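Single-structure report; data block below.
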Amino acid sequence: MYNDLELFFNKQHRIINANYSKEYIKKNGIFLTHDLKILDDLIQFLFETYQENEILNLKFLEPSVGTGNIIIYFIQVLKNMNVSIDKIINFVENNIFINELDNSILSIAVKNIENYFSNIFGKKIKLKHIYNIDFTDKEKISSTFINKFDVILGNPPFVSLYGKNGITKTEETRKKIINEYTQFPNSIINGKINISMLFIENSLSLLNDNGILSFILDSSFFDKPFYFTRKFIYQNWNVHSLFFNYFNFMSVYSGQIIININKKSNNAKLVDIKNNTFFYIENESIIKNDYIIPLKNPKNHIDILKKIYNKSKPLKELYNKKIIRTGTMLLNMENEFVNKKCDKNSYVYYKGSKSLPRSFELNEIGLFFTYDKEKQNKINDSIKHELTLKGIKNKKRIGFGEKEIYDNPKIFIRQSANNLIAAFDDKKSSCDNSLYIISFRSNFINDTRELKFLVGYLNSEIANYYARLKIIKLIHGKQPQMRISDFINIPICYDENIKEKIIDMVDIIIKNPTKKNKIINDINVLLYKFYELNNEKEITQIRSL
Numbered sequence: 001m002y003n004d005l006e007l008f009f010n011k012q013h014r015i016i017n018a019n020y021s022k023e024y025i026k027k028n029g030i031f032l033t034h035d036l037k038i039l040d041d042l043i044q045f046l047f048e049t050y051q052e053n054e055i056l057n058l059k060f061l062e063p064s065v066g067t068g069n070i071i072i073y074f075i076q077v078l079k080n081m082n083v084s085i086d087k088i089i090n091f092v093e094n095n096i097f098i099n100e101l102d103n104s105i106l107s108i109a110v111k112n113i114e115n116y117f118s119n120i121f122g123k124k125i126k127l128k129h130i131y132n133i134d135f136t137d138k139e140k141i142s143s144t145f146i147n148k149f150d151v152i153l154g155n156p157p158f159v160s161l162y163g164k165n166g167i168t169k170t171e172e173t174r175k176k177i178i179n180e181y182t183q184f185p186n187s188i189i190n191g192k193i194n195i196s197m198l199f200i201e202n203s204l205s206l207l208n209d210n211g212i213l214s215f216i217l218d219s220s221f222f223d224k225p226f227y228f229t230r231k232f233i234y235q236n237w238n239v240h241s242l243f244f245n246y247f248n249f250m251s252v253y254s255g256q257i258i259i260n261i262n263k264k265s266n267n268a269k270l271v272d273i274k275n276n277t278f279f280y281i282e283n284e285s286i287i288k289n290d291y292i293i294p295l296k297n298p299k300n301h302i303d304i305l306k307k308i309y310n311k312s313k314p315l316k317e318l319y320n321k322k323i324i325r326t327g328t329m330l331l332n333m334e335n336e337f338v339n340k341k342c343d344k345n346s347y348v349y350y351k352g353s354k355s356l357p358r359s360f361e362l363n364e365i366g367l368f369f370t371y372d373k374e375k376q377n378k379i380n381d382s383i384k385h386e387l388t389l390k391g392i393k394n395k396k397r398i399g400f401g402e403k404e405i406y407d408n409p410k411i412f413i414r415q416s417a418n419n420l421i422a423a424f425d426d427k428k429s430s431c432d433n434s435l436y437i438i439s440f441r442s443n444f445i446n447d448t449r450e451l452k453f454l455v456g457y458l459n460s461e462i463a464n465y466y467a468r469l470k471i472i473k474l475i476h477g478k479q480p481q482m483r484i485s486d487f488i489n490i491p492i493c494y495d496e497n498i499k500e501k502i503i504d505m506v507d508i509i510i511k512n513p514t515k516k517n518k519i520i521n522d523i524n525v526l527l528y529k530f531y532e533l534n535n536e537k538e539i540t541q542i543r544s545l
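Be aware that the sequence shown starts at 1, since it is given in UniProt numbering, and climbs by one per residue.
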């Protein structure tokens with residue numbers, strides 16, 4: 001029967017794709033839940049929380065029912081548990097509430113659920129609680145759903161309203177959302193807002209105190225834009241469990257998670273689906289960690305981190321925070337400022353992995369950037385005028401960065417990679433926004449030497465261990481990401497003797513790149529000894545992360 005279900009769900013996916021444009025599907029976040037593994041994991045929290053005889057008396061809400069796949073799967077589970085047909089009929093007709101914004105898709109869901117029930121039980125049912133409202137409309141929700149629910153589960157639409165790949169709404173809409181939704185502080189100016197954030201808050205507001213919420217979300221839930229959503233959840237509820245590293249949706253290239261929320265759990269179970277591992281973490285520790293959820297068990301790394309912290313200071317304490325910056329931000333107008341012609345006013349232009357494939361290796365790709373401030377201002381004024389006419393606050397603008405940075409020695413670092421990949425450059429050079437730049441904005445000898453130390457240290461196994469544990473977001477189905485706000489916390493050795501030795505080693509690599517691997521190994525040996533990470537178990541743990 002489950003095989004038949006998977007075929008049925010895949011058919012629904014094809015029907016939606018055949019009848020709706022890609023633009024409409026993306027704009028409305030219509031990505032159906034068809035994978036049986038993720039469906040089974042979604043409803044497990046329900047069975048962990050309630051007994052079978054309790055479940056049939058609970059009020060259920062699915063706020064974005066789609067074509068009805070989750071409800072259909074749940075009905076099949078009840079059948080396999082040998083629950084009597086009469087009890088299931090009573091439960092489905094009286095206790096299940098469904099909502100869907102698109103009325104035609106809602107009609108498909110109702111038809112699918114009722115027909116499926118008839119096919120497997122030989123009896124007809126009539127869904128009684130069917131709603132076609134905008135679940136982001138707080139006023140409509142409060143007037144429609146007067147009584148609260150015991151269980152809310154689903155796969156809310158993942159639609160970004162603002163941001164590079166989002167649907168741009170007016171500033172009036174943004175202000176309305178910020179004013180209405182508790183999770184967003186009034187201080188937010190340019191933060192990204194996603195419809196799934198609104199679904200979470202509205203759903204939690206409809207839950208009984210003893211109720212549970214189980215949602216499938218995009219893995220970007222761990223990222224910075226969802227900070228206030230995570231804070232809202234942890235301050236008002238508790239996370240019971242969180243499953244991550246799914247990659248189970250057709251036509252979706254990012255990963256997914258399942259989050260289970262209640263008010264009872266003090267500890268959360270974090271399950272890595274891809275690697276088949278799990279660990280428990282106190283919800284209070286997430287709050288203390290500024291609502292950052294670790295994807296690796298921090299308890300396994302306490303001793304190693306303690307040794308590193310004892311002889312290091314965060315980058316932001318040793319240097320000015322402005323030491324690291326992004327490269328140029330040219331939007332879709334790179335051809336206005338970048339070409340293959342080199343003149344006295346141009347800078348070598350580096351781009352991502354093409355230019356920085358490995359540590360200490362910078363490749364010129366035949367492109368040059370012209371720092372034309374007058375042209376930049378003219379284009380930005382035009383963008384601002386165009387967006388103002390649409391009632392949209394001007395966030396989009398071309399950014400060059402500081403000329404002083406491009407004129408002086410610097411370090412380039414890949415923004416998106418599984419490891420820290422850094423290279424030193426003393427030429428006049430620039431880059432796109434796929435690279436970060438560390439610069440002291442000078443060519444003083446001492447500053448250049450400090451850069452050489454940093455590039456050696458950042459390419460070490462110690463620095464990469466910390467980065468993979470604390471900085472680089474490694475989530476299945478998503479590009480690795482490293483944010484400046486996280487990077488500036490990386491612990492840096494400040495022992496002058498060690499620094500001098502690393503500088504000398506980096507000079508050897510610069511003069512003779514063929515010796516790179518040997519010298520990097522020497523840097524690793526030096527740092528392991530300095531941090532007193534001498535036993536094989538610790539070194540293996542660092543290298544295997």
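Where a beta carbon is used, it is the ideal one built from N, C-alpha and C, also for glycine.
Every value quoted in this text rests on a predicted model; they were computed, and no experiment measured them.
- The Cβ atoms of serine 214 and phenylalanine 31 lie no closer than 8 angstroms to each other.
- Contact between the segment 461-468 and the segment 486-502 is present, with at least three C-beta pairs closer than 8 angstroms.
- Between aspartate 432 and glycine 327, the C-beta gap is smaller than 8 angstroms, which places the two residues in contact.
- Within 10 angstroms of the beta-carbon of isoleucine 72 lie 16 or more other beta-carbons, which makes it buried.
- With respect to isoleucine 120, lysine 79 sits close: the two C-beta atoms are nearer than 8 angstroms.
- Sequence-distant Cβ neighbours of aspartate 486 in its own chain, meaning closer than 6 angstroms and more than five residues away, are Ile471.
- The three-state secondary structure of proline 480, taken from DSSP, is coil.
- Rounded to whole angstroms, the gap between the alpha carbons of glutamate 23 and isoleucine 509 is 50 angstroms.
- Put simply, the backbone Cα of valine 65 is about 19 angstroms away from that of isoleucine 88.
- Per DSSP, the beta-bridge partners of asparagine 238 are Asn262.
- When secondary structure is reduced to three states using DSSP, tyrosine 350 falls in the strand class.
- DSSP assignment within the UniProt domain "TaqI-like C-terminal specificity" (390-492) yields the following whole beta strand (DSSP E) runs of 3 residues or more, N-terminal first: 410-414, 422-425, 429-431, 435-438.
- One alpha carbon belongs to tyrosine 234, the other to leucine 545, and they sit about 28 angstroms apart.
- Excluding sequence positions up to five before and after isoleucine 379, its CB lies within less than 6 angstroms of the CB of Ile398, all in the same chain and listed in chain order.
- The residue from Ile178, Glu171, Gly211 with its alpha-carbon nearest to that of asparagine 57 is Gly211.
- Assignment of asparagine 245 by DSSP, reduced to helix, strand and coil, places it in the strand class.
- Non-local beta-carbon contacts of lysine 340 in its own chain, meaning distances under 8 angstroms to residues more than five positions away in sequence, involve Gly366, Leu367, Phe368 in chain order.
- Straight-line measurement puts the Cα of glutamate 538 at about 12 angstroms from the Cα of isoleucine 308.
- Residue burial annotation: proline 185 is exposed, with fewer than 16 other C-beta atoms found within 10 angstroms of its C-beta.
- Distance from the CA of tyrosine 531 to the CA of asparagine 99, rounded to the nearest whole angstrom, comes to 57 angstroms.
- Counting only the Cα atoms, asparagine 297 lies some 19 angstroms from serine 220.
- For arginine 325, the pairing in a beta bridge is given by DSSP as Ile437.
- Closest by C-alpha distance to isoleucine 257, out of Asn202, Asp223, Asn266, is Asp223.
- Your pair proline 225 and lysine 176 does not check out as a contact, with CB atoms roughly 19 angstroms apart and the cut at 8 angstroms.
- Three or more beta-carbon pairs drawn from the segment 106-115 and the segment 123-143 are found closer than 8 angstroms, and the two stretches are therefore classed as touching.
- Residue environment: aspartate 290 is assigned as exposed (fewer than 16 neighbouring CB atoms within 10 Å of its CB, all protein chains considered).
- Rounded to whole angstroms, tyrosine 528 and arginine 543 show a C-alpha spacing of 12 angstroms.
- DSSP, read as helix, strand or coil, puts aspartate 150 in strand.
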